[in-house]
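From first to last, the protein sequence lines are chains X and U.
For the first sequence, numbering that gives the first Met the number 0 gives the first residue as 0, with consecutive numbering after it.
For the second sequence, numbering that gives the first Met the number 0 gives the first residue as 0, with consecutive numbering after it.
The beta-carbon is built from N, C-alpha and C at its ideal position, and this holds for glycine as well.
Because the structure is a prediction, the values reported are computed rather than measured.
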Amino acid sequence: MKKWPMIIIAVGFIGMALAFTLGQILPHLRASTSGMEVDITDPELIEEGEYIARTADCVACHTTLNGEEYAGGLPMLTPLGAVYSTNITPDNDTGIGTYSFDDFNNAVKHGVRQDQSALYPAMPYPSYQIMPDEDVAAMYAYFMSGVAAVSLPNRDSELPPVFNWRWPLAYWQALFAPKREFVAEADDPILARGQYLVEGPGHCGSCHTERGLGFQEVALSNLDSDHYLSGAVIDGWRAKSLRGEHRGLGTWHTDELVEFLKTGRTDVTAAFGAMAEVVEDSTQYMTDSDLHAMSAYLKTLSPAPGKEVTLPPKEDITTQKLLDGAYDSRGAILYAEYCQVCHRADGKGVPRIFPALDGNSAVYSHNADSVLQITLSGGRMPDTPHDRMAFTMPEFINLSDADIAEVVNYVRNSWTNQASEIGVDDVVQMRDFLNKKPKTATDLPPDLSVTAAAEGANP
Amino acid sequence: MNNLPLTLPVVTSKSVRYKNLALIVAAACVIGISGCSKPEPVDQNAAQFDLVTADDANEGIGTYVLPQDTAILDEPNADEIFYGKRLLNETKRLLPDHVGASMNCNSCHISQGKVPLGDPYINSYNTYPRVMPRAEKEIDLEARINGCFQRSMNGKPLDRESPEMLAMIAYMKWLSQNTPRNQKVDIANAGQVDTSLVPDPVRGEQIYEAQCAACHGDNGEGLKDSRGDIVFPPLWGDESFNIGAGMARTYKAAAFVKYNMPMGIQVKGLWGHGNVLSDQDAVDVAQFFTHKPRPDFAGKVNDWPSGNKPKDARY
C-alpha cells in the first residue's frame, strides 16, 4: 500500500525529466542551417531588408513609446503577467549583435533563440515561418548594418514560475507551429503575392484570427480553415473579421482597402487603436502594388462561417430625429451633446477628418470592444504624409459607465447600423482593463508643435 | 459564487468538519477579497468649479457642477431649454433669415458653451446686463446675443420677445444652475495672450496652411457636411464673420485660437482641442486670417463712441 505514492512520485519525476530533456532537444530539431553567406554591407540588400522589416512590422513590438527604435521593452500583457519584447538592435551585449544569419533566421522563422531555447509565441514566428530565407537574409543585413546599436538589457517576463520556463514552449511549438511552406491558393501572381504578405510577414492573423486554448491561432492560412482572419479580440480592440461577410470586409472595395492601408483613412472610416499603429509603422511604407495585392487577396476570402453574409436593409430614421431635436432616448441626448458636432446628425462624419459612424463596420461589429475602448480612452488616426493632420477622438472617461453604455448602444443601433446591445458591466470591465493597459503612440495626440509641422508637411 | 460553501458535502466527523470549516472560511476570504476587488460602475465625473461672489473673486463660497444635457429632462421647461441648445448649435440651419454668415453661435462657443476659455455661457445669465467697453453703455443679454447675430454671424437681430431668443436664454439660465445673481462661477471666458507681441502674417500663413487649412480650407472657405450644414466655419470671405466681430480682432482671435484650436487633436477636452500654439504662433496666425477680406459692419460707427479703441480694432 505504502509504496504506491513513492512509485507515482518516481514515475512523475522520471516523466518530468524526460519531458524536460526532450524539451531541450526539440528546438535543435526546429533550427536549421542554411549555409547562406549574407553580405551585410550590400546597400541594396540593406534597403530591401528595411522594406521587408516594414512589411513584417518588427518596429511595432520591438520599440516602446519614446524608446529607441528596435531596442525592445514593450510589455505584452497576458493574464499571468507581462512578457517584454527584446532588443533586436545589433548591440553585442544586449541585442543581437552576435547573431549569425542562421541564428537570426531560426529566431525569426522558427522561434528558436541563439541559445537554442524557445521564444514565446508573442513573436509571430508561426506566420514568419513561410518567409523565404532570401528575404530573411535581407532583413538580417538591415538589422546588422542599417539599425543603430542600442545598449538596453532585456527585461525578464513577469510570468510566475512554471509559466516562465522555456522548455515547455518547445512542445507548444511542436504542436502549434509546425514547419510549413507557403502554398499559394491561386495561380494569379498578384493574389499569390497578396496571400503571402497577409499570411507571412504581414502576420495579419496575429490579431485578426481567433486563438485557441493554447493561445495558438486556430488557423494559420485560409487553406487551414475559414476561421482564418475571421476576427478576434486583442488588447481590448476588436480586430475585425477580414473575410467576406457583411460585418467583415463584405462592404469594402479593394481600392478602399488600399487607401485605408496606405493613408489610414477613407472617406468614411479611419484606422484607430492597434490598426492605427499598423498603418503608421508598417503599411503606409508599402508599395502600391503590394497594397493592391494584399487587398485583392483579402477580398477573395469567403464569408466567415456562422456569420450573416448580408444584413437586412434598415431605414435611417435617426438623422431626421436628431435634426428635429426629437431625442427619443438618453443615448440620443448624449450623442447630441458629445458626438454630433463631429460625427454629425447623419452619422456620416466628415471625410478624412471625422470618421462616419453610420455604415462603419468597426462600429456595428458583434463585439463592441473597439467602440468602447475608443470612446473611453480616445486615440488618434495614423500620421502619414498623405494628409496634413492626424485627428484624434477625445477620451470620454468622465462619463458614467451607464452613459457610456447608452451612447455606445445608440451609435451601434442608429441610422442603418444594427448590432447587439452591451451592458454596463462591459463598460466596467473595459475601464478596469484600460487602467492597466500601457499607452501606445496612437493613444496620444499628434505632435503639432510648429517645429514638427515645419519639418513635416510644411518645410 | 457566494453559494459555494453550500455546495460542499455535508460532513459528520468532527475533525473533518473543522477542516472543512477552515476551508469554508478560507474560501469565503478568497471570495470576499476578490469580491471587493471587482470594479463597480462609476458615476459621471463632472467638471466642477468654485463659486465666488461677484465682488471678491478670492472668496470661495461653494461649488458649481457642470451639468450634462440629460439633466435638462428634470426641468419644467425642458423643451424650451433643448430648443435653445439646438438654436445655439445649429443657428444657420434653424434661423437662416437671421444668420448671414455660414456660422453658428457654437462655432465659437466651444462644446455648447460649457468649456472655460472657450467662450462659455456658464456665467452669461448672471453677467448681463453689464456695461460693455465697446458700446460704453449697459447691454442686456438679449442685446448681447443680438450683437453676435449682427457681427459674428453677419445677420439680423431676433425679436427680443421671440420664442427663439427666450429659448436661448432659457438654456443659458439652465447652464447657470441657479447660481445666485451676486455670485459667479470662477472661470475665465477667454485665455490670455501677450498683446505686446508683434504679429508676423507671413509666418501666420504658414501656420494656417499646416494646422488650420485641413478643416477651414485653403481659401478660408470652411467645410460643410454631407447635408450642407456647417462643420468648420469660413474664416474669411463673404460667408465669414464681419469686421465688427470680436473674432476680427488680432489679439482676441489669438486668445481664442491658442486655447481652442485646432479641434480633434488632443485626447483631453470635450472637443480634443487647443493648446498647440505658442502666443507668438497664435498672434501670427490670427493676424493672417483676421485681416483677410470679410463683410463690413454698418453699425461700426457706434462703437467706442468716446474713441477709446483697443489697438487691434479694425475701424
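query: For X:Leu21 and X:Lys108, what's the separation of their Cα atoms in angstroms?; result: 21 Å
query: Quick one: which unbroken beta strand (DSSP E) runs of 3-plus residues sit fully inside the stretch 353-408 of chain X? Chain order, please.; result: none
query: Can you give me the C-alpha to C-alpha distance between X:Gln372 and X:Leu433, rounded to a whole angstrom?; result: 8 Å
query: My assumption, with CB atoms under 8 Å, is that X:Gly110 sits in contact with X:Glu49. Please give the rounded CB distance.; result: Not quite, the Cβ-Cβ distance comes to about 23 Å (not below 8 Å), so this is no contact.
query: With burial defined as no fewer than 16 other Cβ atoms inside 10 Å of the residue's Cβ, what is the status of X:Glu279: buried or exposed?; result: buried
query: In its own chain, which residues sit with a C-beta less than 8 Å from the C-beta of U:Leu269, not counting the 5 before and 5 after it?; result: Ile109, Ser110, Lys113, Val114
query: Give the residues of chain U in contact with X:Lys436, contact being defined as C-beta atoms less than 8 Å apart.; result: Correct list: empty, because the minimum Cβ distance to chain U is about 14 Å.
query: State the start and end residues of the unbroken beta strand (DSSP E) segment that holds X:Gln417.; result: X:Gln417 -> no beta strand (DSSP E), and no H or E assigned at all.
query: I need the straight-line Cα distance from U:Asn2 to X:Met392, nearest angstrom please.; result: Per-residue confidence for U:Asn2 stands at a pLDDT of 38, beneath the threshold of 50, marking its modelled position as unreliable; no derived number is given.
query: Give the straight-line distance between the Cα atoms of U:Ser106 and U:Asp280, rounded to the nearest whole angstrom.; result: 21 Å
query: Should U:Val300 go down as buried or exposed, given a rule of 16 or more other Cβ atoms within 10 Å for buried?; result: exposed
query: Taking the alpha helix (DSSP H) that U:Ile229 belongs to, which residues open and close that run?; result: It is not in any alpha helix (DSSP H) - U:Ile229 instead sits in the beta strand (DSSP E) that spans 229-231.
query: With a threshold of 16 other CB atoms inside 10 Å of the CB of X:Ala185, please say whether the residue is buried or exposed.; result: exposed
query: State yes or no: is the C-beta of U:Ala213 within less than 8 Å of the C-beta of X:Arg210?; result: no
query: Would X:Gln215 and X:Arg29 qualify as a contact pair, given that the criterion is a beta-carbon distance under 8 Å?; result: no
query: Mind checking who X:Asp225 pairs with in its DSSP beta bridge?; result: Beta-bridge pairing links X:Asp225 to no other residue.
query: Verify whether the separation of the beta carbon atoms of X:Thr383 and X:Thr262 is less than 8 Å.; result: yes
query: Going along chain U, which residues have a C-beta under 7 Å from X:Ala401?; result: Pro40
query: When the Cα atoms are used, what is the spatial distance from X:Ser205 to X:Ala121?; result: 9 Å
query: Put X:Tyr83 into one of helix, strand or coil per three-state DSSP.; result: strand
query: If we ignore side chains and look at the alpha-carbon of each, how far apart do X:Asp327 and X:Ser84 end up?; result: 49 Å
query: How big is the Cα-Cα spacing for X:Ala218 and X:Ala303?; result: 13 Å
query: From the DSSP output, in three-state form, read off U:Phe148 for me.; result: helix
query: Determine which residues of the stretch 166-178 of chain X have a Cβ less than 8 Å from any Cβ of chain U, and write them out in chain order.; result: none
query: Once the 5 residues before and after U:Ala21 are set aside, which same chain residues still bring their CB inside 6 Å of it?; result: Unreliable positioning characterises U:Ala21 in this predicted model, as indicated by a pLDDT of 48, which lies under 50. A coordinate reading is not provided.
query: Please name the residue, chosen from U:Gln43, U:Glu39, U:Pro38, U:Lys37, that lies closest to X:Asn397 on a Cα-to-Cα basis.; result: U:Gln43
query: From the beta carbon of U:Cys104, is the nearest beta carbon of chain X less than 8 Å away?; result: no
query: What does the alpha-carbon distance come out to for the pair X:Gly249 and X:Val410?; result: 20 Å
query: Please classify X:Asp400 as buried or exposed, where buried requires at least 16 neighbouring CB atoms within 10 angstroms.; result: buried
query: Can you pull the chain U neighbours of X:Glu394, defined as C-beta to C-beta under 8 Å?; result: Val266, Lys267
query: Quick one: using the 10 Å Cβ neighbour count with 16 as the cut-off for buried, is X:Trp164 buried or exposed?; result: exposed
query: Counting only beta-carbon atoms, is U:Leu222 nearer than 8 Å to chain X?; result: yes
query: Using a Cβ-Cβ cut-off of less than 7 Å, give me the residues of the stretch 226-240 of chain U that come near chain X, in sequence order.; result: Arg226, Val230
query: Using 8 Å as the limit for Cβ to Cβ distance, is U:Ser151 near chain X?; result: no
query: At which residues does the alpha helix (DSSP H) containing U:Phe255 begin and terminate?; result: 249-259
query: Ignore the nearest five residues each way along the sequence and tell me which others in X:Ser229's own chain have a CB closer than 6 Å to its CB.; result: Ser240, Arg242, Ala303
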